[in-house]
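Novice:
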Amino acid sequence: MPNGHNIESLLKGGSTAWNKLRQAGKIPREHTGATLVHLFSANADLSGLELVGTEWEKCDLSKVSFRESDLSNAYFHGGRLQECDFRGCNLDGATFEQIKLVRCDFSGAKGLENLELQQVDLDRVIGLGGEEAGSAKSSSRPTSEEQGTDGHLPFRPQDLPASLISRGLKANSLAPAWVLDVPGLRLSVEVHPPTGASLEALYREAVRARLSGRSAFRDADAVGRAQAALRLGSRDSPFAALYLSEVGIEPVFRFSAARQLRTALKAEIEIDDPTAAVDPRTCAALSVLKLPQEAAEFLGEAKRRLCAAHLFTALLEAGFTPEHNWDEAVDSSERAQELAAMAGLGARADLEQAFRAFAVLPEEIRLRRLAYLAESVAHLEALARLPAGIEPAWLAGPEARECHEREMTFVESLRAKDIPDKVAPLALAELGVPIGHVPEDSDDDLFIHMRCAVCGREKLLIQSP
Ligand SMILES: [Zn+2]
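Count the sequence shown with our numbering and you get residues 680 to 1144, in order.
#1: First and last residue of the alpha helix (DSSP H) that includes valine 902?
#2: What is the rounded straight-line gap between the Cα of alanine 919 and the Cα of aspartate 1123?
#3: Got a sec, what are the start and stop residues for the beta strand (DSSP E) valine 886 sits in?
#4: So what does DSSP say about arginine 941, is it helix, strand or coil?
#5: Is it buried or exposed, serine 748, if we count other Cβ atoms within 10 angstroms and call 16 or more buried?
#6: Measure the CB-CB distance between valine 931 and arginine 1085 and report whether it falls below 8 Å.
#7: From the DSSP output, in three-state form, read off glutamine 797 for me.
#8: How far does the alpha helix (DSSP H) with aspartate 1100 in it reach, from first residue to last?
#9: Please go through the same chain and pick out, in chain order, the residues whose beta-carbon is closer than 6 Å to the beta-carbon of valine 1133, but skip the five residues on each side of it.
#10: Determine whether the beta carbon atoms of valine 886 and proline 917 lie at a separation below 8 Å.
#11: On a CA-only basis, which of Trp857, Leu690, Ala696 is nearest alanine 713? Give me that one, please.
#12: What does DSSP give as the partner residue(s) for threonine 714 in the beta ladder?
#13: Using a strict less-than 7 Å threshold between each residue's beta carbon and the heavy atoms of ligand 1, what residues do you get?
#14: Please work out which residues of its chain come closer than 7 Å, Cβ to Cβ, to serine 1121, disregarding the five sequence neighbours upstream and downstream, and give them in chain order.
#15: On the three-state DSSP scale, how would you describe leucine 725?
#16: At the level of alpha carbons, what is the spacing between glutamate 1002 and aspartate 898?
#17: So, using beta-carbon positions, are alanine 856 and proline 873 closer together than 8 Å?
#18: Between the alpha carbons of proline 953 and arginine 983, how many angstroms are there, rounded?
#19: Return the bridge partner residues of tyrosine 754 from the DSSP annotation.
#20: Which residues bound the beta strand (DSSP E) around arginine 1130?
#21: Reducing DSSP to helix, strand and coil, say where cysteine 763 ends up.
#22: Between glutamine 826 and alanine 997, what straight-line distance do the alpha-carbon atoms span, to the nearest angstrom?
#23: Taking 8 Å as the limit between beta carbons, can you name the residues of its chain near alanine 1148, skipping five residues before and five after?
#24: Can isoleucine 1114 and leucine 1105 be called in contact, C-beta distance under 8 Å?
#25: Kindly list the residues whose CB is nearer than 7 Å to the CB of isoleucine 1098, restricted to its own chain and excluding five residues on each side of it in sequence; keep chain order.
#26: Using a Cβ-Cβ cutoff of less than 8 Å, which residues in the same chain neighbour glutamate 869 once the five nearest sequence positions on both sides are dropped?
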């Protein structure tokens, strides 16, 4: 072929471009003896071509059509052919060796009596004269997928983030401490023990104890520091809330930390990066403290980022890069297309830009982003499921809720019409509402009924929308 534009370089340019050239009649029929190595291609139209004696080394072909083409004496070695169309083609003297064929169709192919199959894994293949053709090797070998065929891993966007992260971390003997921030993912890796006496380290140590079936050490000094951090709404408040939860102690302050937690979450959500991490400790703390307001608003963005990080991690694991056929890989898989759509990066140019930015990050950072996003989304979903009105909105002056050095506990939230029946004396004392009357102009308000756990004092706060 002229100017070095052989079939291999043309196919590597992507099947869309290839198919266009074919339709325009710019591709010759004759490609005898061509060699294709590590080709990934989806939907390429190779029908009716002279592919006599071609060699296909470790290629991953999906929905490629060889219909009516001449593949006599062709040699396919390693890799995987999925949903490829071999109907009516000539396979006289051809060989398939150490290859996986999934849902390929050989109906009406010629020369099958001289087709050689060696260590071929047949999965729902049509037209090869029965499954005994695959008896050279057992026909279902999940381990061959696990290990990856011939050194490169299959592209599996359908795997859960936890599987991708576990596989990614297995290269190191001990995983980094941030793995303890995502206990919900149940990653099967050994973790470096945390060190230090910070609330963050103590929380991680408590998670590590729980995951290994021990109970966490309850340190009176740490409990006091944690309660104080919540009351002050300090930067440590997420670790404080989670440490208390791990050691089974009720937080005596919740609303005082609400503003800090919300501000921290909002700052991460506002970062202009389609795969930026969201700290699962912040989200888990909001969940533990039952502070659900606006979680649903943040959930959408967190989910979009998770889909992008999930897709990109699966692509990179399987060896696709922004320079290498990732676009076709996405098109070849329904799950990948779903992830790309949910990532909210509709235009391919945006998706590519995000992938480029993600691909240059160090691997551990990429895995941490995926882990943090997956764990955060689970917590934000739990928050979004809390019934409306369970707690009032983010409010100024959490000290209005304090009595006896703690926040009063939530009893119930009421509508104005419930006041005369349920809390009439309290409404009179606190808000001056006459007994037997419904508070005026309060149809949309929530009345939060609270009680001090120490002295029993009650209080009624109005929460206007
Ligand atoms: Zn009290």
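Glycine included, C-beta positions come from ideal geometry on N, C-alpha and C.
Specialist: On the basis of the data shown:
#1: Taken as a continuous stretch (DSSP letters only), the alpha helix (DSSP H) holding valine 902 covers 899-911.
#2: 34 Å
#3: Counting along the chain, valine 886 falls outside any beta strand (DSSP E), though it belongs to the alpha helix (DSSP H) covering 878-890.
#4: Helix, per DSSP.
#5: Burial call: buried.
#6: If you check the CB distance, valine 931 and arginine 1085 come in under 8 Å.
#7: strand
#8: Its alpha helix (DSSP H) spans residues 1098-1101.
#9: Only His1083 meet the Cβ criterion.
#10: Not a contact, by the Cβ cut-off of 8 Å.
#11: Looking at the Cα atoms, Leu690 is the closest of the given residues.
#12: For threonine 714, the pairing in a beta bridge is given by DSSP as Glu734.
#13: Taking each Cβ in turn, the ones that pass are Cys1082, His1083, Cys1131, Val1133, Cys1134, Arg1136.
#14: Contacts found: Ala1095.
#15: coil
#16: 53 Å
#17: yes
#18: 8 Å
#19: Glu734, Thr774
#20: 1125-1130
#21: coil
#22: Because the pLDDT at glutamine 826 is just 41, under 50, the model does not fix this residue reliably, and the value given afterwards should be weighed accordingly. Going by the C-alpha atoms only, they are around 12 Å apart.
#23: This structure cannot settle anything about residue 1148, because the visible part of the chain is limited to 680 through 1144.
#24: no
#25: Ala1106, Val1112, Val1117, Pro1118, Phe1126
#26: Ser852, Leu853, Ala854
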